[in-house]
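So the sequences go chain by chain: A and B.
In terms of the numbering used here, the first sequence has 92 at position 92, counting the first letter as 1, and numbering is strictly consecutive.
Add 167 to a position in the second sequence, counting from 1, and you land on the number used in the numbering used here.
Let me begin by presenting the structure, written as structure tokens, before commenting on it.
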Amino acid sequence: MIRKKICLLGAFSVGKTSLVQRLVHSIFSERYQTTVGVRIEKKTLMLDGNDVSLVIWDLQGEDEFQKLRESYLRGSSGALLVADGTRPHTVDIAILLRDRLRDVCGNVPAELLINKADLTDEWAVDPRAVAALDGADSEPIVTSAKTGAGVEGAFESLARRILGGGA
Amino acid sequence: MGALPGFLEEYAMSIAVRRRSPAYVLLGPDARVVEAGGELARYGLRDLAVGDDVTARADFLAGMLPASDETIELPALTVGEGQHADVHIGVADGTTFVLLFDATARVMRQSALQQKGNDLDLLRGRTVRAAGPLPADHLVDAANVNLRRVAVVRVHLILVGEDEDEPVLDSTRVVETRRAQRLVREELRRQAGLTLETGAAEACAAFGLLSTTGVPERQAIDAARAVLAIVGLIPGVAACIGVASGAVAASEPTSDAVPIVIGPPFDHALRLALLVGPGCVLADDETVTHTQGLERDFVGWTGSQTGPGPLFVRRGNPPRHGELAGVLSALGVVLLEVRQDGILFPTGVVPDWADALLEWEGRASGGLRPADELSFLANFLVDAAEFWDRGEVGFQRSGIWTELDEGGENQAFEALALVGSGGERLLALDFLSEAYTERQELLQQARETRLSFEALQAEIQKKDVLLHCIVHDLKAPLSSIVGALSLLNTRELAPDKVASLLEIGLRQAQRQEDLIRQVLDVFAAEIRELESFESDPRRAPDLSQCLRDAVDSYRPAYQDADVELTLDATEGEMRVVGVADRLERAIANLLENALRYSPAGTRTEVAVENEDGHVRVTISDRGPGVDPEVAEKLFDRFVRGSAGGSSGLGLYYCRITLRSWGGSVGYEPRPGGGSVFWLRLVRAL
């Protein structure tokens, strides 16, 4: 079986852990519970008839209280950069983290996720504007850990890019 | 530090007194009881009655009465079978009093410690004799004893919980340990003139390891005994072991010291000593007989009954890091020595929780390696290897990580790569429980506060923009009014011109009034959003009537704008969930919105249709329609179309009002051009 390490990066409270919980356990909790350090989960995806085992490193959100340790990124085949659609500055943080990812891992695939698509009333990020940001890898993927919309697709998309790129 | 405030002092005193089971007796001049109370039974004075001769009941008072003016204290008197009390006798206001406080626990503890102290010399002698058959490097060099006999004193302070068999060693109680450390330090300085250095490793210091070297043995043993006596009196620090050495060179405290376990609770102390002990450990307690279990847990040690308690002898090589491993094991930390090939060798007992992280590298080798699935630890070992290669004494943390256990619960861990002062490569694994929870809770609070702050900031920004829009919209009609009034005031005008200017002024004033009303409606609606509404069909609003009233009130404005307004509704009642005046306001807002965008000569249609349990009202105009980008946010606060003259609050008002009634509002393009705005209301049934 192909085994790949991927990381989830982003500001705090953007929904990284919720995305993993949705993918791995098909559950969602409204209650925000901050991640301290790293949570590691595993998920096997079936892609084109092949099983791909993802070792998912759900990293603590970065802010003034916690900083990302770059050594956590070592060996990552790709990453999901997660932003919160209701908090525009989290897009900036996601893009900064993408640069740090590249410093450590080189040009590995990274998908930008705009999460919390269910909170349309409070949505304050335009994915098209985000896509236009200089250096974006690809179109952002709009997700909702609450409804599950786009979640599995985002992980699959990253896995495909990892396999396609031979990373 | 000043004295306690009066009210606090009273409270503190009341607690202190209650815990010591006080009792009192007041006596007349003839030593007969005038009054008595408290826990007299505890002191053998059950049924003491007024008029009794107290000296006949309490032997300990014989010869003590009559009392003098100066109160005397008789500490730790034996007042009954196994019962001890601190007794105070004095005179206050002409009355003789006897006050008793329970001292049994303290006396028992002191007695036990004294007994152990008295036996210490004998035990030490037996230990040295028993160590005779050990390998040469573990033997005491008798020739050096007289002149070079010095000791290493290591005092391990152990915090215990309610159950003394279950040591509790957590950071929340470090304060107690620190207090114990301070007292121990002071006592040693006083008793033996020693200055103890706190253990070099930070972890040891936090949990109470003190050590010193170069102390004459006799002095060290006396000091250890004194330390035990002190520590035994500290609440929450109910145990300690003093490890006194055999003979070692003054400048080279080495592993040939012979520990003597002298502190309760015995089983735990002994286990710690076996982890710490270099070659042999003598148990100073006849209750320790279960050598088999200890031999199983501590591979390499053999126990034999040689005195009151067993003597344990290590047959293998003593661990190089045994002492640190012992302390860390007691704290639930696994300490592993790292060989050049990367294999990890435990220096103490490997607890069950570590099974999730480590796999045996073949039982025969006794080595361990990170479990196959454990990517975090494997990743950290890369960093650790770099750290070890640098060879600088110190440590590097892995950071916290969590793994799911077999029960699906998240468990938190942290690893430390250490380089010892001798260049040793060590890996410590810590199972975090309370520390992790505390840290997470603190971080959670900080971040929730940050999120609240961000939400508040966003709300303030929205309000600022809203305020700007409102002021701008109010200013436009005001300019027209001022202009019209200025013309009226400064020129002689024809009557028809005057009428025209008055009409302009009036229309603009009404427009301004409408805007103000909308603003007030919205703020009021936000406040009322959670208020009750009418769902009883007998009192619920009649949608048909609301529609007719709203259409009638707007018909003149539509006529002025040359826009036809039609209503296609049933004649009968149609009760819906809501509040009549607010429903009419919502309909009016949609009619006003349609009028604003309808070109002259067109038609706006109001229609009603029944849906399952709901009623849908549609207002269709033939205006330019709504840009799809704007349509997504059309019902948000202060989103405005291109026509102007709107506060951007009318549709927002509709949304929050309808939503509070379980209904909804929406927009869709009208086939053939124009807009359809709709309200969906719940039928009151």
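Idealized CB from N, CA, C, for every residue including glycine.
Just so it is clear, the structure is predicted and the values come from calculations on it, not from any experiment.
Whole-number beta carbon distance between residue j and residue i, since they are thought to touch under 8 Å
i	j	result
residue 21 (chain A)	residue 12 (chain A)	Not a contact, Cβ separation roughly 16 Å.
residue 55 (chain A)	residue 3 (chain A)	7 Å
residue 543 (chain B)	residue 38 (chain A)	6 Å
residue 584 (chain B)	residue 563 (chain B)	5 Å
residue 111 (chain A)	residue 157 (chain A)	6 Å
Residue i Cβ short of 7 Å to the ligand NAP heavy atom set
i	result
residue 79 (chain A)	This structure lacks the ligand NAP, and indeed carries no ligand of any kind.
Cutoff 6 Å; reference residue i; Cβ partners in own chain excluding five residues on either side
i	result
residue 138 (chain A)	none
residue 113 (chain A)	80, 82, 141, 143 and 154
residue 243 (chain B)	251, 270 and 274
residue 227 (chain B)	244 and 246
residue 195 (chain B)	201
residue 843 (chain B)	785, 787, 835 and 837
residue 500 (chain B)	595 and 597
residue 254 (chain B)	241, 244 and 267
Residues near residue i by beta carbon distance below 8 Å, same chain, minus five either side
i	result
residue 776 (chain B)	782, 783 and 785
residue 145 (chain A)	15, 18, 19, 21, 22, 28, 115, 116 and 151
residue 211 (chain B)	224, 225, 246, 247 and 250
residue 801 (chain B)	793, 818 and 834
residue 289 (chain B)	Interpretation of residue 289 (chain B) is limited by its pLDDT of 41, a score under 50 that renders its predicted location unreliable; the figure taken from the coordinates is listed afterwards. Excluding residues within five positions, none has a Cβ falling inside 8 Å.
Residues bridged to residue i (per DSSP)
i	result
residue 673 (chain B)	For residue 673 (chain B), which the question treats as bridged, DSSP gives no partner whatsoever.
residue 504 (chain B)	B:512 and B:593
residue 520 (chain B)	Its beta-bridge partners do not exist; DSSP assigns none.
residue 687 (chain B)	BP columns for residue 687 (chain B) are empty, so no partner.
residue 561 (chain B)	B:586
residue 194 (chain B)	B:200 and B:263
residue 636 (chain B)	For residue 636 (chain B), which the question treats as bridged, DSSP gives no partner whatsoever.
residue 847 (chain B)	B:783 and B:831
residue 571 (chain B)	B:577
residue 253 (chain B)	B:268
residue 598 (chain B)	B:580
residue 170 (chain A)	Outside the displayed range of chain A (1 to 167) lies residue 170 (chain A), so it cannot be described from this structure.
residue 258 (chain B)	B:263
When the options are compared against residue i, the one with the closest alpha-carbon
i	options	result
residue 209 (chain B)	B:613, B:225 and B:524	B:225
residue 218 (chain B)	B:202, B:671, B:747 and B:740	B:202
residue 257 (chain B)	B:268, B:231 and B:249	B:231
residue 676 (chain B)	B:643, B:662 and B:661	B:643
residue 605 (chain B)	B:821, B:679, B:504 and B:579	B:579
residue 36 (chain A)	B:557, B:746, B:611 and B:177	B:611
residue 185 (chain B)	B:688, B:268 and B:603	B:268
residue 538 (chain B)	B:556, B:511 and B:562	B:511
residue 752 (chain B)	B:664, B:721 and B:590	B:721
residue 688 (chain B)	B:841, B:220, B:241 and B:821	B:821
residue 629 (chain B)	B:220, B:816, B:241 and B:239	B:816
residue 102 (chain A)	A:121, A:75 and A:86	A:75
residue 845 (chain B)	B:769, B:192, B:755 and B:770	B:755
residue 824 (chain B)	B:778, B:790, B:748 and B:718	B:748
Span of the beta strand (DSSP E), counted from its first residue to its last, around residue i
i	result
residue 57 (chain A)	50-59
residue 772 (chain B)	770-778
residue 114 (chain A)	110-115
residue 834 (chain B)	831-836
residue 537 (chain B)	535-537
residue 44 (chain A)	38-47
residue 716 (chain B)	Per DSSP, residue 716 (chain B) belongs to no beta strand (DSSP E); it is in the alpha helix (DSSP H), 710-727.
Cβ shell of residue i (< 7 Å), same chain only, five flanking positions each side left out
i	result
residue 66 (chain A)	60
residue 213 (chain B)	207
residue 292 (chain B)	Confidence is the limiting factor: at residue 292 (chain B) the pLDDT is only 37, short of 50, which leaves the residue's position unreliable, though a coordinate-based value still follows. Answer for residue 292 (chain B): no residue qualifies.
residue 149 (chain A)	117 and 143
residue 173 (chain B)	none
First and last residue of the uninterrupted alpha helix (DSSP H) at residue i
i	result
residue 798 (chain B)	795-798
residue 242 (chain B)	Counting along the chain, residue 242 (chain B) falls outside any alpha helix (DSSP H), though it belongs to the beta strand (DSSP E) covering 239-247.
residue 103 (chain A)	89-105
residue 83 (chain A)	Per DSSP, residue 83 (chain A) belongs to no alpha helix (DSSP H); it is in the beta strand (DSSP E), 78-84.
residue 759 (chain B)	747-764
residue 16 (chain A)	16-25
residue 10 (chain A)	Looking at the DSSP string, residue 10 (chain A) is not in any alpha helix (DSSP H); the run it does join, the beta strand (DSSP E), is 2-10.
residue 731 (chain B)	Premise fails: residue 731 (chain B) lies in the beta strand (DSSP E), 731-735, not in any alpha helix (DSSP H).
residue 155 (chain A)	151-164
Within-8 Å CB hit, residue i to chain E
i	result
residue 548 (chain B)	Looking for chain E here will not work: the only protein chains present are A and B.
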